[in-house]
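Down below is the structure, laid out as structure tokens.
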Amino acid sequence: MKLTQCTPRLRISILFIVSSLFISCAADNMEADVIVFGQSDDPAAPPYTEDALSSPDIATPTPPDKQTEPTCPMAGDAGQLAECCDLGPAKCVPMEFVPDGLQNQLATCGSNGGCVPQRIIDSLKAGNYTPKVCTSLGGSEGACISTCIPKVADFITFLPQDICEDDERCAPCIDPLTGEDSGACGDGITCQPQSASSEPEPEPEPEPAPDPFSCDNLPSEPIADVNLFNPCCDGAHCVPSALVPPEDQEFLATCDNNTGYCVPDPIIETGGFFVAETCISIGGSEGRCVSTCVPEVAEKMDNLPISTCAANERCSPCCDPFTGEETGACSQGCDTGPSLGYCAGPSLPTCCSGLGHCIEQELVPSDQHENLKDCGGDLKDFLCVPDEMQDPAYAGTPCSGNSFLLGSYEGVCLPGCLKLPLKFTFDKTVCPEHHTCTPCTDPFGGSTGAPGCP
Numbered sequence: 267m268k269l270t271q272c273t274p275r276l277r278i279s280i281l282f283i284v285s286s287l288f289i290s291c292a293a294d295n296m297e298a299d300v301i302v303f304g305q306s307d308d309p310a311a312p313p314y315t316e317d318a319l320s321s322p323d324i325a326t327p328t329p330p331d332k333q334t335e336p337t338c339p340m341a342g343d344a345g346q347l348a349e350c351c352d353l354g355p356a357k358c359v360p361m362e363f364v365p366d367g368l369q370n371q372l373a374t375c376g377s378n379g380g381c382v383p384q385r386i387i388d389s390l391k392a393g394n395y396t397p398k399v400c401t402s403l404g405g406s407e408g409a410c411i412s413t414c415i416p417k418v419a420d421f422i423t424f425l426p427q428d429i430c431e432d433d434e435r436c437a438p439c440i441d442p443l444t445g446e447d448s449g450a451c452g453d454g455i456t457c458q459p460q461s462a463s464s465e466p467e468p469e470p471e472p473e474p475a476p477d478p479f480s481c482d483n484l485p486s487e488p489i490a491d492v493n494l495f496n497p498c499c500d501g502a503h504c505v506p507s508a509l510v511p512p513e514d515q516e517f518l519a520t521c522d523n524n525t526g527y528c529v530p531d532p533i534i535e536t537g538g539f540f541v542a543e544t545c546i547s548i549g550g551s552e553g554r555c556v557s558t559c560v561p562e563v564a565e566k567m568d569n570l571p572i573s574t575c576a577a578n579e580r581c582s583p584c585c586d587p588f589t590g591e592e593t594g595a596c597s598q599g600c601d602t603g604p605s606l607g608y609c610a611g612p613s614l615p616t617c618c619s620g621l622g623h624c625i626e627q628e629l630v631p632s633d634q635h636e637n638l639k640d641c642g643g644d645l646k647d648f649l650c651v652p653d654e655m656q657d658p659a660y661a662g663t664p665c666s667g668n669s670f671l672l673g674s675y676e677g678v679c680l681p682g683c684l685k686l687p688l689k690f691t692f693d694k695t696v697c698p699e700h701h702t703c704t705p706c707t708d709p710f711g712g713s714t715g716a717p718g719c720p
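Residues in the sequence shown are numbered consecutively from 267, following our numbering.
As structure tokens, this is what we get:
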């Protein structure tokens with residue numbers, strides 16, 4: 267692996283839409299949208315007891331006459347309905363008694379039931395269910411929604427509880443990434459009848475929705491609280507796998523027993539709408555500050571400059587100084603790439619018969635300096651590092667050599683530009699061009715430490 271790394275274009279899907287969660291059951295649409303947990307308003311209709319609700323032969327009750335003022339359906343004693351949710355109280359209600367708009371928001375249960383939160387059932391005894399107002403992501407307005415609603419359960423570790431009950435989470439009214447109505451803060455479920463002769467009160471003008479965040483409208487402050495997740499690295503938190511796009515997962519370390527991915531905080535706080543700080547990288551090239559919590563950066567953090575980056579970041583070059591190709595460090599989030607708009611080609615001089623590059627001494631681990639030659643001339647402060655040896659797992663190819671000093675010996679083929687003691691005695695005939703069979707044992711019987719030796 268080279269000193270640079272391809273930094274992914276990370277954008278974490280941190281939000282969701284709880285669309286059409288709340289359904290109006292006013293008199294003008296009573297036929298379609300009443301949840302019948304108790305008796306019908308039709309005196310001729312049979313009583314729908316809990317036993318009846320559990321019966322597979324139940325028929326849908328006749329809807330009330332729209333010209334009359336129907337009373338709200340009452341939940342009654344739902345004790346005989348089966349429990350259906352491990353995250354909070356909820357009952358399994360036959361789907362024929364659940365309005366169409368609510369059915370697709372519920373978990374299924376039984377043979378043909380919907381798992382309705384107990385709080386909704388109980389509230390309908392008074393004819394109205396309206397969720398409690400709370401403070402959600404980034405301080406935005408939200409509504410307390412039961413964790414028995416699947417779309418809330420999926421994000422239970424991400425959404426704040428705020429003033430909600432233990433079995434609820436505060437879902438945002440407006441998706442802060444798209445600016446769209448999430449559906450969490452609708453009119454609730456109401457069965458208060460409206461008089462046919464009365465005119466409905468005019469609705470207040472809605473406040474204009476904020477412009478959705480985008481690369482043209484970057485967040486000016488965090489839109490998500492990273493502390494909702496467990497820390498996993500310095501400057502990163504463990505985001506549940508469901509919230510991390512599959513195309514980004516391969517670039518991130520796993521965490522929390524492989525249930526999430528360790529995502530740098532700036533990505534979480536901005537939902538991926540960010541531009542990393544510009545810095546000066548290898549050989550004075552343009553770069554970006556990238557978190558050392560990204561595995562490919564952590565692997566090479568000792569070989570990358572800090573520049574003006576934070577202590578838990580390193581300056582990764584926009585363009586690979588060895589190949590001249592883009593690394594991806596300058597295309598993460600909303601970045602548009604290197605300032606030139608393209609990579610102009612390799613920026614580091616070659617050495618080692620074209621098999622290596624001249625690298626600043628401070629970017630090479632100090633314990634390797636003695637085995638590397640300097641590049642001389644104007645580059646005397648640069649060391650000639652063979653490209654193949656930039657891989658931390660590098661190991662030379664095994665070889666068997668013959669030396670007038672050592673006789674027959676076992677070794678590994680290493681680049682011939684390395685500065686090694688007694689190199690002139692090593693066998694070059696058994697290795698590829700510009701390589702030398704370096705012994706694994708020195709003349710005194712000790713290990714040479716050559717990479718690849720046993």
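Every residue gets a Cβ at the ideal spot worked out from N, C-alpha and C, and that includes glycine. Predicted model, so just to flag it, every value in this text is computed and none were measured.
Worksheet item: Any contact of the stretch 545-560 with the stretch 573-580, i.e. 3+ C-beta pairs under 8 Å?
Response: yes
Worksheet item: With respect to the alpha helix (DSSP H) encompassing Ile-625, which residues constitute its N-terminal and C-terminal limits?
Response: Counting along the chain, Ile-625 falls outside any alpha helix (DSSP H), though it belongs to the beta strand (DSSP E) covering 622-626.
Fill in: Where Glu-535 falls: helix, strand or coil (DSSP)
helix
Discussion item. Whole angstroms are fine: how far does the CA of Ser-573 sit from the CA of Glu-543?
Written reply: 11 Å
Worksheet entry | Backbone CA spacing between Leu-353 and Val-418 [nearest angstrom] | 11 Å
Discussion item. Do Pro-485 and Phe-539 have their beta-carbon atoms positioned less than 8 Å apart in this structure?
Written reply: yes
Worksheet item: Within this structure, are the beta carbons of Cys-584 and Cys-596 separated by less than 8 Å?
Response: yes
Item to complete: Could you confirm whether any beta carbon from chain C is found closer than 8 Å to the beta carbon of Phe-517?
Response: Of the protein chains in the structure, only one exists, and it is not chain C.
Practice prompt. Determine, using beta carbons only, whether Cys-665 and Cys-703 come nearer to each other than 8 Å.
Written response: yes
Practice prompt. Say whether the stretch 667-678 touches the stretch 631-638, bearing in mind that this needs 3 or more beta-carbon pairs closer than 8 Å, one atom from each stretch.
Written response: no
Worksheet item: Would Pro-571 pass as a contact of Ser-605 if the rule is Cβ separation under 8 Å?
Response: no
Practice prompt. Locate the beta strand (DSSP E) running through Val-556, then write down its first and last residues.
Written response: 552-557
Worksheet item: Mapping DSSP to helix, strand and coil, what is Thr-520?
Response: strand
Worksheet entry | Coarse secondary structure for Leu-671, derived from DSSP in three states | coil
Worksheet item: Quick one, which of Cys-350, Pro-511, Val-382 has its alpha-carbon nearest Glu-362's?
Response: Val-382
Worksheet item: Using the rule of at least 16 other Cβ atoms within 10 Å of the residue's Cβ for burial, across every protein chain shown, is Ser-726 buried or exposed?
Response: Coverage of the chain is limited to positions 267 through 720, which leaves residue 726 absent and any answer about it impossible.
Worksheet item: Can you give the Cα-Cα distance for Phe-424 and Leu-494, rounded to whole angstroms?
Response: 6 Å
Discussion item. Taking the beta carbon of Glu-628 as the centre, do at least 16 other beta carbons fall within 10 Å, making it buried, or is it exposed?
Written reply: exposed
Discussion item. Short of 7 Å in beta carbon distance, which residues of its chain neighbour Cys-481, apart from the five on each side in sequence? Order them along the chain.
Written reply: Phe-539, Cys-600
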